[in-house]
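Asks: In our numbering, each residue's number is its place in the sequence shown (first place is 1) plus 350. One structure, pasted below without further comment.
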Amino acid sequence: MASSFDKYQKRKLISSYVSVVISIALVLFLLGCLGLLVINSKKVADHFKEQVVITIYLNDTAKEVEVNQLKKSLAMADYTKDALYVSKEEAAAFMKAETGEDFMDFVGYNPLKNSIDVHLKADFVNTEQLTEITEGLSNKTFIEEIRYDNDLVELMNDNVKKITFWVLIISGLFTLIAVLLINSSIRLAVYSKRFIIKTMQMVGATKRFIRKPFVWKSVQLGIIGALVAMGGMAVVLYYLDITFPELELLRNTISIVALFTGIFLLGILITWISTFIATQRFLNLKTDQLYY
């Protein structure tokens, strides 16, 4: 009979530990995924900004030496990520491939212009910088026109600011929720042993002696939960890197290591503090108050 009861108690204890580990792992995993979003949000925003193109259309009378000088100056400019020269023949071939028809059969000549497509570095994709760049290029007589989608640039910058603001707000709220959920799981686990705590105290054990095994066990559960969460984060990060290789998520090694370390330490810290507070609460209660 005693053996059956011991087995039941052991199963109940293991079940309690498993539920705590799962709770910690899930909360830390979601918090870690949000952390991945935060540390890579600028990289994602920069990636989309760098898709904005300034197209410089050249006059048909532009000399080769002038065009070459322009290409060299653009390549050396601080704002240029890359610059690609597109001849009118290449542009016509591209349009033919896109539409499936040769428009020159209808007009009888190639009305397109030689051009240079300039992709800017993300820091220069804003209205002020773009205006300054276009004004600096417009004084060249062999440039016929400079085009870019200013409305798209303004919309993109506005959305980036809004998204960054809300991501920070959500991160703060989620961190608070994570702490409260883990704290709740730990308190429930300690609550189930409140009579053991009080019994040890009544036979003369010091508060530190009573608290130590509870804190150590919770820290162990926190470590296990954090490792499980980190494993899940690693899978998500690997999948995102394969799906979006252009973002080069794994190259940001320092930030990723800092995030994983932070999740690991957070799992230890929250469980330690929660267990300390929970055990201290039951240690300070009177025996008759344990039933409420």
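All C-beta atoms, glycine included, are put in the ideal place defined by N, C-alpha and C. A quick note: this is a predicted structure, and the numbers were derived from the prediction, not measured.
Of all the options 500, 409, 488 and 429, which has the alpha carbon lying nearest to the alpha carbon of residue 461?
Replies: Numbered from its first residue, the sequence shown carries residue 461 at position 111. Looking only at 500, 409, 488 and 429, the smallest Cα-Cα distance to residue 461 is reached by 409.
Asks: Among 378, 478 and 489, which one has its Cα closest to the Cα of residue 616?
Replies: Mapped onto the sequence shown, residue 616 falls at position 266. It is 378.
Asks: Using DSSP's beta-bridge definition, name the partner residues of residue 430.
Replies: On the sequence shown, residue 430 is found 80 positions in, with the first residue counted as 1. 470, per the DSSP bridge assignment.
Asks: How would you label residue 625, buried or exposed, when you count the other beta carbons within 10 angstroms and need 16 or more for buried?
Replies: For the purposes of this step, residue 625 is taken as the residue at position 275 of the sequence shown. The residue is buried, with at least 16 neighbouring Cβ atoms inside 10 Å.
Asks: What do you get for residue 496, buried or exposed, if any count of 16 or more other CB atoms within 10 angstroms of its CB means buried?
Replies: Counted from its first residue, the sequence shown places residue 496 at position 146. With 16 or more other Cβ atoms within 10 Å, it is buried.
Asks: Check each candidate in 507, 369 and 380 and name the one with the smallest Cα separation from residue 523.
Replies: Residue 523 sits at position 173 when you count from the first residue of the sequence shown. Looking at the Cα atoms, 380 is the closest of the given residues.
Asks: With DSSP as the reference, label residue 621 as helix, strand or coil.
Replies: As a position in the sequence shown, residue 621 is number 271, starting the count at 1. Note: residue 621 maps to helix in three-state DSSP.
Asks: What are the start and end residues of the alpha helix (DSSP H) that includes residue 482?
Replies: Here residue 482 corresponds to residue number 132 of the sequence shown, with the count starting at 1. Start and end: 477-488.
Asks: Are the Cβ atoms of residue 468 and residue 424 separated by less than 9 Å?
Replies: In the sequence shown, residue 468 corresponds to position 118, counting from 1. In the sequence shown, residue 424 corresponds to position 74, counting from 1. Yes, these two residues count as a Cβ contact at 9 Å.
Asks: Examine the Cβ distances between the region 596-609 and the region 533-553 and report whether three or more of them are shorter than 8 Å.
Replies: no
Asks: Using beta-carbon positions only, say whether residue 545 and residue 577 come within less than 9 Å of one another.
Replies: Your numbering for residue 545 matches position 195 in the sequence shown. Your numbering for residue 577 matches position 227 in the sequence shown. No. Outside cutoff.
Asks: My assumption, with CB atoms under 8 Å, is that residue 395 sits in contact with residue 510. Please give the rounded CB distance.
Replies: The residue you call residue 395 lines up with position 45 of the sequence shown. The residue you call residue 510 lines up with position 160 of the sequence shown. Going by Cβ atoms, the distance from residue 395 to residue 510 rounds to 5 Å, so yes, they are a contact pair.
Asks: Let me confirm a value: residue 406 is counted as buried when at least 16 other C-beta atoms fall within 10 Å, else exposed. Which label applies?
Replies: By 1-based counting over the sequence shown, the position of residue 406 is 56. The residue in question, residue 406, is buried, as its Cβ has 16 or more Cβ neighbours within 10 Å.
Asks: Residue 588 lies in the alpha helix (DSSP H); which residues open and close that run?
Replies: In the sequence shown, counting from the first residue as 1, residue 588 sits at position 238. It spans 557-593 - the alpha helix (DSSP H) in which residue 588 sits, taken as one unbroken run.
Asks: Taking 9 Å as the threshold (C-beta atoms), are residue 466 and residue 436 in contact?
Replies: Within the sequence shown, the letter at position 86 stands for residue 436. Within the sequence shown, the letter at position 116 stands for residue 466. In contact: residue 436 and residue 466 (Cβ atoms closer than 9 Å).
Asks: Using the rule of at least 16 other Cβ atoms within 10 Å of the residue's Cβ for burial, across every protein chain shown, is residue 373 buried or exposed?
Replies: Counting from one through the sequence shown, the residue named residue 373 turns up at place 23. Classification of residue 373: buried, given that the 10 Å Cβ count is 16 or more.
Asks: What residue from 611, 630 and 554 has the CA that sits closest to residue 581's CA?
Replies: For the purposes of this step, residue 581 is identified with residue 231 of the sequence shown, where counting begins at 1. Looking at the Cα atoms, 611 is the closest of the given residues.
Asks: Would you call residue 552 buried or exposed, if buried means 16 or more other Cβ atoms sit within 10 Å of its Cβ?
Replies: Within the sequence shown, residue 552 is the residue found at index 202, counting from 1. By the 10 Å Cβ count, residue 552 comes out exposed.
Asks: To which residues does DSSP link residue 497 through a beta bridge?
Replies: Here residue 497 corresponds to residue number 147 of the sequence shown, with the count starting at 1. Residue 497 is bridged to 405.
Asks: Under the rule that 16 or more other beta-carbon atoms within 10 Å means buried, what is residue 447, buried or exposed?
Replies: Taking the first residue of the sequence shown as 1, we reach residue 447 at position 97. The residue is exposed, with fewer than 16 neighbouring Cβ atoms inside 10 Å.
Asks: Shortest alpha-carbon distance to residue 439 belongs to which of 463, 479 and 416?
Replies: Sequence index remark: in the sequence shown, residue 439 carries index 89 (1-based). Here the closest residue by C-alpha is 463.
Asks: With a 10 Å radius around its C-beta and 16 neighbouring C-beta atoms as the bar for buried, classify residue 559 as buried or exposed.
Replies: Along the sequence shown, read from residue 1 onward, the residue named residue 559 stands at position 209. Result: exposed.
Asks: Residue 553 by DSSP, collapsed to three states: which one?
Replies: For the purposes of this step, residue 553 is taken as the residue at position 203 of the sequence shown. Here residue 553 sits in coil by DSSP.
Asks: Can you give the Cα-Cα distance for residue 556 and residue 594, rounded to whole angstroms?
Replies: For this step, residue 556 is matched to residue 206 along the sequence shown. For this step, residue 594 is matched to residue 244 along the sequence shown. Cα to Cα, the separation comes out at about 56 Å.
Asks: On the criterion of 16 or more Cβ atoms from any shown chain inside 10 Å, does residue 368 qualify as buried, or is it exposed?
Replies: By one-based count along the sequence shown, residue 368 stands at place 18. Result: exposed.
Asks: Could you round the C-beta distance between residue 431 and residue 470 to whole angstroms and report it? I think they count as a contact, below 8 Å.
Replies: Locating residue 431 in the sequence shown gives position 81, where the first residue counts as 1. Locating residue 470 in the sequence shown gives position 120, where the first residue counts as 1. 6 Å between Cβ atoms; contact.
Asks: Could you give the C-beta distance for residue 350 and residue 399, rounded to a whole number, given that I count them as a contact under 8 Å?
Replies: This structure gives no information on residue 350, because the portion of the chain shown stretches from 351 to 642.
Asks: Since residue 618 and residue 573 should fall inside the 8 Å C-beta cutoff, what is the C-beta to C-beta distance between them, to a whole number of angstroms?
Replies: One-based indexing of the sequence shown puts residue 618 at position 268. One-based indexing of the sequence shown puts residue 573 at position 223. The Cβ separation is near 6 Å, so the contact holds.
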